[in-house]
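Trainee:
Residue numbers (my numbering): 1408 to 1698.
1) Check each candidate in 1509, 1469, 1507 and 1640 and name the one with the smallest Cα separation from residue 1493.
2) Counting C-beta neighbours from all protein chains within 10 Å, is the total for residue 1464 16 or more, i.e. buried, or is it exposed?
3) Just the Cα atoms here: how many angstroms apart are residue 1549 and residue 1568?
4) In chain order, what are the residue ranges of uninterrupted alpha helix (DSSP H) at least 4 long that sit wholly in the stretch 1485-1556?
5) On the CB-based measure, 16 or more other CB atoms within 10 Å of its CB, does residue 1596 come out buried or exposed?
6) Can you tell me the Cβ-Cβ gap for residue 1517 and residue 1509, rounded? I've got them flagged as a contact below 8 Å.
7) Our contact map puts residue 1535 next to residue 1563 with C-beta atoms below 8 Å; I'd like the distance itself, whole angstroms only.
8) Going by DSSP, name the residue or residues bridged to residue 1623.
9) Measuring CA to CA, which of 1659, 1652 and 1688 is closest to residue 1621?
10) In the DSSP output, which residue or residues are listed as bridge partners for residue 1670?
11) CA-CA distance, residue 1705 and residue 1555?
12) To which residues does DSSP link residue 1616 through a beta bridge?
13) For residue 1658, which option in 1611, 1607, 1614 and 1505 has the closest C-alpha, if you only look at C-alpha atoms?
14) Identify whether residue 1438 lies in helix, strand or coil by the three-state DSSP scheme.
15) Assign residue 1478 to one of three DSSP states: helix, strand, or coil.
16) Is residue 1602 closer than 7 Å to residue 1671 when the C-beta atoms are compared?
17) If you count every other CB in all the chains shown that lies within 10 Å of the CB of residue 1442, and 16 or more means buried, which is it?
18) What three-state label does DSSP hand residue 1723 in the structure shown?
19) Between the stretch 1662-1680 and the stretch 1626-1639, are three or more C-beta pairs nearer than 8 Å?
20) Measure from the alpha carbon of residue 1699 to the alpha carbon of each residue in 1422, 1504 and 1656, then state which is nearest.
21) For a quick check, are the C-beta atoms of residue 1685 and residue 1611 less than 7 Å apart?
22) At which residues does the alpha helix (DSSP H) containing residue 1458 begin and terminate?
23) Compare the Cα-Cα distances from residue 1458 to each of 1431, 1698 and 1591 and report the closest residue.
24) Given residue 1553, which residues of its chain have a CB within under 8 Å of its CB, disregarding the five upstream and five downstream residues?
25) Which residues in the same chain as residue 1420 place their Cβ atom closer than 8 Å to its Cβ, once the five residues preceding and following it in sequence are excluded?
26) Pick helix, strand or coil for residue 1589, following the three-state DSSP scheme.
27) Whole angstroms is fine: what's the gap from residue 1455's alpha carbon to residue 1477's?
28) Return helix, strand or coil for residue 1581, following the three-state DSSP convention.
29) Leaving out the 5 sequence neighbours to the left and right, which residues in its chain are closer than 7 Å to residue 1651 when beta-carbon positions are compared?
30) Where does the unbroken alpha helix (DSSP H) through residue 1423 begin, and where does it stop?
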């Protein structure tokens, strides 16, 4: 199938893009890499009178280390993130998540901003940014603002972004100390969306007590999920005293509901999700011990 007819716009600057969003209102949709939007348009699951293509806007691309943070332009592709030495050095979890996203052609066209703004519940980048306490830089006619990842994801394909607001960058804190990171997911085939997945970040003190924990789940709800209750429960504990299986069970028991579909029942997803949390926990802890 082919998409319904639309008018195509290709602004060269952020200001031009925001102006178009204001002028066109509800009839406009932003397209970044198009790897999620175009299949929906082709299948007539969505239709818009205007598409605003961001690919010509150079200011939306790039990766910069800025003191205690790493700034990633919203138009930066998955492949660029996967090749970046700065990402590999300072945000290893993003580097580790990148090969799990779709297939090589998708990673060449898809952008981190597109993934974040699309807010698919089974996507890797939203879960990683949530676990790492990232912030999102946006611009609108009202100016620039930052939105914490914890406040950004509202539900299935739903975010805090206003209709006239453009996501311009992702700001990730640089973590230091004895840190460990891991992402684990289960999918039917390589490149498929995850049936269940987990992201874990831990930081240990000199006595191997847990100083900080970030944990996010994906594929297990209508949005990515921060497991704050489990994070808080392990703070101050000696890491060897934490049972990975218990962490996995507690993380999934904290969910009010888990979706069921053709890929698996709610109980099946819970079992798989619990295992993904336990595996991610073990890998993150091992890395932190050796850091």
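C-beta atoms are modelled at their ideal positions from N, C-alpha and C, and glycine is treated no differently.
Mentor: Let's see:
1) Here the question's residue 1493 lines up with position 86 in the chain shown. Of 1509, 1469, 1507 and 1640, the residue nearest in Cα terms is 1469.
2) Counted from its first residue, the chain shown places residue 1464 at position 57. Classification for residue 1464: buried.
3) Here residue 1549 corresponds to residue number 142 of the chain shown, with the count starting at 1. Here residue 1568 corresponds to residue number 161 of the chain shown, with the count starting at 1. Straight-line Cα distance between these residues: approximately 13 Å.
4) 1485-1490, 1492-1497, 1499-1504, 1511-1516, 1519-1525 and 1531-1538
5) Within the chain shown, residue 1596 is the residue found at index 189, counting from 1. When all chains shown are included, residue 1596 counts as exposed.
6) By one-based count along the chain shown, residue 1517 stands at place 110. By one-based count along the chain shown, residue 1509 stands at place 102. The pair is a contact, with the Cβ atoms about 7 Å apart (cut-off 8 Å).
7) Within the chain shown, the letter at position 128 stands for residue 1535. Within the chain shown, the letter at position 156 stands for residue 1563. Wrong, their Cβ atoms sit about 19 Å apart, outside the cutoff.
8) For the purposes of this step, residue 1623 is taken as the residue at position 216 of the chain shown. DSSP, once it has assigned bridges, lists 1606 and 1633 as partnering residue 1623.
9) Residue numbering aside, residue 1621 sits at position 214 when the chain shown is read from its first letter. Here the closest residue by C-alpha is 1688.
10) Numbered from its first residue, the chain shown carries residue 1670 at position 263. Residue 1670 pairs with nothing; no bridge assigned.
11) Lying outside 1408 to 1698, the shown extent of the chain, residue 1705 is not represented and no answer is given.
12) Indexing the chain shown from 1 puts residue 1616 at position 209. Partner(s): 1645.
13) For the purposes of this step, residue 1658 is taken as the residue at position 251 of the chain shown. Among 1611, 1607, 1614 and 1505, the Cα nearest to that of residue 1658 belongs to 1607.
14) Within the chain shown, numbered from 1, the residue matching residue 1438 stands at position 31. Of the three classes helix, strand and coil, the one that applies to residue 1438 here is strand, per DSSP.
15) Your numbering for residue 1478 matches position 71 in the chain shown. In this structure, residue 1478 counts as strand in the three-state DSSP scheme.
16) Locating residue 1671 in the chain shown gives position 264, counting from the first residue. Locating residue 1602 in the chain shown gives position 195, counting from the first residue. Yes, they are a contact pair.
17) Taking the first residue of the chain shown as position 1, residue 1442 is located at position 35. By the neighbour-count rule (16 or more Cβ atoms within 10 Å), residue 1442 is buried.
18) For residue 1723 there is no data in the structure shown, the boundaries of the chain being 1408 and 1698.
19) yes
20) Past the boundaries of the shown model lies residue 1699; the chain is included only from 1408 to 1698, so the question cannot be answered.
21) By one-based count along the chain shown, residue 1685 stands at place 278. By one-based count along the chain shown, residue 1611 stands at place 204. Not closer than 7 Å, so no.
22) Residue numbering aside, residue 1458 sits at position 51 when the chain shown is read from its first letter. Segment 1457-1460 is the beta strand (DSSP E) holding residue 1458; no alpha helix (DSSP H) there.
23) For the purposes of this step, residue 1458 is taken as residue 51 along the chain shown, with counting starting at 1. Nearest option by C-alpha distance: 1431.
24) The sequence position of residue 1553 within the chain shown is 146, counting from 1. Closer than 8 Å at Cβ, skipping near neighbours: 1542, 1543, 1544, 1545 and 1578.
25) In the chain shown, residue 1420 corresponds to position 13, counting from 1. Excluding positions up to five away in sequence, the list reads 1464 and 1466.
26) Walking along the chain shown from the start, residue 1589 turns up at place 182. Strand.
27) Here residue 1455 refers to the residue found at position 48 of the chain shown. Here residue 1477 refers to the residue found at position 70 of the chain shown. Between residue 1455 and residue 1477, the C-alpha separation is close to 34 Å.
28) Mapped onto the chain shown, residue 1581 falls at position 174. Looking at residue 1581 - three-state DSSP - the assignment turns out to be coil, as it is neither helix nor strand.
29) On the chain shown, residue 1651 is found 244 positions in, with the first residue counted as 1. These residues qualify, in order along the chain: 1685, 1688 and 1689.
30) Stepping through the chain shown from its first residue, residue 1423 is reached at position 16. Run containing residue 1423: 1421-1431, per the alpha helix (DSSP H) assignment.
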